[in-house]
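Notes follow once the structure below has been shown.
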Amino acid sequence: MNEYHQKTCVKFVARDPAKHHDYLWIHPDEGCYSLVGKTGGKQPVSLDSGCIQVGTIVHELMHATRPRQLHRSGVAECDERRRRPV
């Protein structure tokens, strides 16, 4: 997470169920996968034991955090981006 925080404008925070209805559920399923973009509610991100490499983790988190906006975002958009609970 530290590398992701340092190199993107997205910041992950611990989930507070009373406040965060949309969140990433990072779990060890079969394989490495995530849906692309925000889906709402509990959004699965699978990272099984073969996925625990910085590049793979960052890749799956990029899918989950709306990569189209990250590619075109500027500093002003980064400042306005909401934090994503995990």
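For the sequence shown, the UniProt record's numbering gives the first residue as 1, with consecutive numbering after it. Glycine is no exception: its CB is placed at the ideal position from the N, C-alpha and C atoms.
Where residue i and residue j are concerned, what is the direct C-alpha to C-alpha distance, given to the nearest angstrom?
i: lysine 38; j: valine 10; result: 13 Å
i: glutamine 53; j: alanine 18; result: 32 Å
i: histidine 59; j: histidine 21; result: 24 Å
i: glycine 55; j: tyrosine 33; result: 13 Å
i: glutamate 80; j: cysteine 51; result: Its pLDDT being 48, under 50, glutamate 80 is placed unreliably by the model, and the measurement read from it follows with that caveat. Rounded to whole angstroms, glutamate 80 to cysteine 51 spans 31 Å at the Cα level.
i: glycine 41; j: asparagine 2; result: 24 Å
Which two residues bound the contiguous beta strand (DSSP E) that contains residue i?
i: histidine 27; result: 23–27
i: valine 58; result: Counting along the chain, valine 58 falls outside any beta strand (DSSP E), though it belongs to the alpha helix (DSSP H) covering 54–64.
Could you pull the start and end residues of the alpha helix (DSSP H) that residue i belongs to?
i: lysine 7; result: 2–7
Should residue i be labelled buried (16 or more other beta-carbon atoms within 10 Å of its own) or exposed?
i: alanine 76; result: Caution is warranted here: a pLDDT of 45 is assigned to alanine 76, below 50, making its placement in the model unreliable, and the coordinate value is therefore given only provisionally. Answer is exposed; the Cβ neighbour count stays below 16.
Please confirm whether any heavy atom of the ligand ATP lies closer than 7 Å to the CB of residue i.
i: tyrosine 23; result: With respect to the ligand ATP, the structure offers nothing, as it holds no ligand at all.
So residue i and residue j are supposed to be a Cβ contact under 8 Å. How far apart are they, rounded?
i: valine 45; j: alanine 64; result: 5 Å
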